[in-house]
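Written out below as structure tokens is the structure these notes cover.
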Amino acid sequence: MTRTGLSDTIAAIATAPGSAGVGIVRVSGPGALRVADGVFRGQRRPSATRAGRFLFGQLVAGDGEVLDEGLCLVFRGPRSYTGEDVAELQTHGSPAVLTRVLARVLELGARPARPGEFTLRAYLAGRLDLAQAEAVLELVNAGTDTARRQAALGLSGALGERVGRVAAHVTRTLAALQAMLDYPEEGVPDEDRAAPLAAAEAELEALVGTARAGQVATRGARLALIGRPNAGKSSLLNALLGYERSIVTPIPGTTRDYLEADLSLAGVPVTLVDTAGLRETGDEVEAAGVRQAVSLAASADLVLVLEDGSGPREALPTEGPEEARLLRLRTKADLPPAWTDSAALSVSAVTGQGLPELREALQAALLGDVARGEAWLTTERQADAARRALTHIRAARRLPDDLASYELEEALRALADLTGRDVQEDVVDAVFRNFCVGK
Ligand SMILES: Nc1nc2c(c(=O)[nH]1)N(C=O)[C@@H](CNc1ccc(C(=O)N[C@@H](CCC(=O)O)C(=O)O)cc1)CN2
Ligand SMILES: Nc1nc2c(ncn2[C@@H]2O[C@H](COP(=O)(O)OP(=O)(O)OP(=O)(O)O)[C@@H](O)[C@H]2O)c(=O)[nH]1
Ligand SMILES: [Mg+2]
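Count along the sequence shown from 1, then add 10; that gives the number in our numbering.
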């Protein structure tokens with residue numbers, strides 16, 4: 011479906027719904043400037059204007075009614091976002107105006123753009139690779155500065171460069187292996203075979219190690235707070251949020267239904283989930299809440315297990331999550347301690363003691379120690395391709411020279427998939443399905 015209709019001229023409102031200072035109707039394709047001629051009336055016709063200029067004038071309906079005054083920006087392919095002729099009609103940011111301007115543009119022969127179709131055309135014109143197109147989507151959706159930074163790095167091609175460095179090592183090894191097959195008596199010096207492959211593996215391992223941080227930074231993370239009744243889960247949620255979101259009482263079993271609240275933690279969008287205290291109970295409603303808590307913990311990215319530090323330590327009635335997803339907290343650190351455990355972080359929701367350390371521990375657990383200034387893998391598609399490449403490179407390092415070539419060629423193919431050159435149409439479709447109309 012994506013490859014069809016490329017000769018069409020497409021149009022959409024490119025700005026967000028609602029009132030704003032300015033609004034844009036974007037038109038792209040072979041007929042874009044002719045369509046603009048039909049709706050825009052100024053000193054010059056858009057189709058008679060040099061590329062890169064803007065015109066001031068009026069936007070007019072089919073019956074001659076003036077809809078608004080505005081600008082028309084003229085781009086001529088291939089020097090445009092899509093690589094095609096593009097006209098941007100910039101009006102006052104009124105949904106009423108934009109709807110009428112778009113209607114007129116469609117009347118003049120453009121068809122409504124599908125989600126992501128402008129960026130798809132940029133991809134098909136070779137102006138962006140698939141990883142860059144994914145970065146465009148992430149930039150549009152970035153809710154935090156960390157997400158924005160990673161998306162901007164991706165869009166700049168920094169991820170492609172990182173992948174290119176790995177591919178260069180692999181290509182160099184392949185060339186050396188080929189030379190060895192052609193001139194077996196010469197032998198392959200280590201610096202042409204073992205060394206580049208070791209470098210490729212190390213760089214790829216570092217890249218694969220960014221996948222979790224990349225996913226967390228762009229899609230956010232869910233943090234479940236679990237523990238026995240009265241452990242202080244709701245109090246800690248409120249303390250982290252900075253406002254009273256969840257009901258706190260001295261009565262065990264206060265929270266029954268789970269409750270979610272969003273916050274930004276070190277630039278990561280985080281959803282905190284407060285849950286019912288875990289205990290055996292005859293109360294049907296509470297028991298349902300406990301079951302819910304267990305399943306919320308199972309699906310969370312990270313689980314904070316809270317234990318009251320001021321009373322006797324009791325094991326949880328359920329099995330906790332695996333260690334990698336778990337952070338242990340000793341709560342009520344402002345009270346005299348009844349037990350200690352160096353594996354648990356001491357916090358007090360009342361005095362705020364331990365909260366800065368908790369925020370740091372959360373950041374470390376979510377982002378790891380990946381370098382902030384480098385490009386990360388931000389989608390599961392990218393991470394999958396990188397892991398496949400790594401598997402092939404590791405296999406190549408174990409195999410004799412004559413068999414290693416095959417693995418290295420597979421590794422190169424996986425690296426090409428990562429940046430998205432020559433990928434299957436359904437992969438491309440899957441990427442662009444997530445876009446909004448007008449992007
Ligand atoms: N009004 C408006 N703002 C926007 C966009 C847009 O399309 N319209 N963008 C899009 O979403 C982003 C900017 N991205 C763009 C990327 C390339 C070209 C472009 O026309 N490139 C040509 C010409 C370069 C030049 O004149 O120097 C080229 O690269 O050949 C335009 C926008 C963000 N802001
Ligand atoms: N001194 C002190 N008391 C705390 C602290 N955190 C919670 N409490 C008290 O402990 C009691 C229970 O707190 P909650 O936050 O409701 O505990 P919970 O884990 O949400 O309990 P359930 O919803 O019943 O599972 C309340 O009386 C709180 O005021 C703390 O850090 N210090
Ligand atoms: Mg509670």
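Backbone N, C-alpha and C fix where the C-beta goes; we use that ideal spot for every residue, glycine too.
Beta carbon of residue i, beta carbon of residue j: below 8 Å?
i, j, result
"GLY119", "GLY41", "yes"
"VAL283", "GLU296", "no"
"ALA71", "PRO56", "no"
"VAL437", "GLU144", "no"
"ARG451", "ALA424", "Only positions 11 to 449 of the chain appear in the structure, and residue 451 is not among them; the question remains open."
"ARG289", "VAL300", "yes"
"LEU1", "LEU336", "One cannot answer for residue 1 here, as it falls past the ends of the chain, which runs 11 to 449."
"GLY448", "ALA113", "no"
"GLN302", "THR328", "no"
"ALA325", "THR341", "no"
"GLY174", "ALA141", "no"
"VAL115", "ALA26", "no"
"LEU207", "THR228", "no"
"VAL150", "CYS446", "yes"
"ALA308", "ILE236", "no"
"GLY263", "GLY292", "no"
"ALA97", "LEU43", "yes"
"ARG121", "ASP18", "yes"
Name the DSSP bridge partner or partners of residue i?
i, result
"ASP78", "LEU69"
"PHE64", "LEU83"
"ILE34", "GLN100"
"LEU314", "LEU235, LEU337"
"THR19", "DSSP lists no partner for THR19."
"PRO279", "SER274"
"GLY52", "GLY67"
"ASP284", "LEU235, LEU269"
"ARG182", "DSSP output for ARG182 lists no bridge partner at all."
"LEU355", "LEU339"
"PRO199", "According to DSSP, PRO199 bridges with nothing at all."
"ARG89", "ARG86"
"ARG121", "ILE20"
Which two residues bound the contiguous alpha helix (DSSP H) that contains residue i?
i, result
"PHE128", "127-134"
"LEU43", "42-49"
"ILE403", "390-408"
"VAL146", "140-151"
"LEU376", "365-377"
"VAL304", "294-309"
"GLN225", "221-229"
"GLU215", "204-218"
"GLU254", "Taken as a continuous stretch (DSSP letters only), GLU254 belongs to no alpha helix (DSSP H), as it is neither H nor E."
"ASP427", "411-429"
"GLU435", "435-442"
Can you find the residues in the same chain that come closer than 8 Å, C-beta to C-beta, to residue i, ignoring five residues on each side of it along the sequence?
i, result
"LEU233", "VAL280, THR281, LEU282, VAL283, ALA310, ASP311, LEU312, VAL313, LEU314, LEU372"
"MET11", "Any reading at MET11 must be qualified, since the residue scores a pLDDT of 45, below 50, and its modelled position is unreliable; no value is offered."
"GLU417", "HIS402, ILE403, ALA405, ALA406, LEU409"
"GLY52", "LEU65, PHE66, GLY67, GLN68, CYS82"
"VAL218", "LEU387, ALA393, ALA396, ARG397, LEU400"
"GLU211", "LEU400, ILE403, ARG404, ARG407"
"GLU201", "none"
So, does the CB of residue i fall closer than 8 Å to a CB anywhere in chain D?
i, result
"ILE261", "In the structure shown, chain D does not exist; there is a single protein chain."
How far does the beta strand (DSSP E) with residue i in it extend, from its first residue to its last?
i, result
"GLU270", "269-275"
By Cβ distance below 7 Å, which residues in the same chain neighbour residue i in space, the five residues on each side in sequence not counted?
i, result
"PRO346", "SER320"
"ASP78", "LEU69, THR101, HIS102, VAL107"
"ARG137", "GLY93"
"ASP318", "ASN240, ALA241, GLY242, THR341, LYS342"
"THR59", "LEU65, VAL84"
"GLY28", "PRO105"
"ALA152", "ARG158, ALA161"
Spatial neighbours of residue i within its chain, please: CB distance less than 6 Å, with the 5 preceding and 5 following residues excluded, ordered by chain position.
i, result
"TYR133", "ALA143"
"GLY277", "THR154, ASP155, THR156"
"THR389", "GLU144"
"GLU127", "ILE20"
"SER274", "THR154"
"ARG87", "The displayed chain sequence assigns Gly, not Arg, to residue 87. Cβ neighbours of GLY87 beyond the five flanking positions: GLY93, GLU94, ASP95."
"ASP427", "ALA395, VAL433"
Do the region 358-374 and the region 393-409 make contact, defined as three or more Cβ pairs closer than 8 Å? The answer is no - the region 393-409 does not touch the region 358-374, with fewer than three Cβ pairs under 8 Å.
Given 8 Å as the limit, is there contact between the region 179-187 and the region 240-258, that is, 3 or more CB pairs closer than that? The way I'd put it, the region 179-187 doesn't touch the region 240-258; fewer than three beta-carbon pairs between them come closer than 8 Å.
With a threshold of 8 Å, are at least 3 pairs of Cβ atoms found where one atom belongs to the region 212-225 and the other to the region 373-390? The region 212-225, when compared against the region 373-390, does touch it at the 8 Å Cβ threshold.
For the region 88-104 and the region 23-35, state whether three or more C-beta atom pairs, one from each stretch, are separated by less than 8 Å. Cβ pair count under 8 Å is three or more, so yes.
Counting Cβ pairs closer than 8 Å, one from the region 349-361 and one from the region 106-120, do we hit at least three? In the pairwise beta carbon analysis, the region 349-361 is classified as not touching the region 106-120: fewer than three pairs are separated by under 8 Å.
Is the number of C-beta pairs between the region 163-172 and the region 185-205 that are closer than 8 Å three or more? Put simply, the region 163-172 does not touch the region 185-205. Fewer than three CB pairs are less than 8 Å apart.
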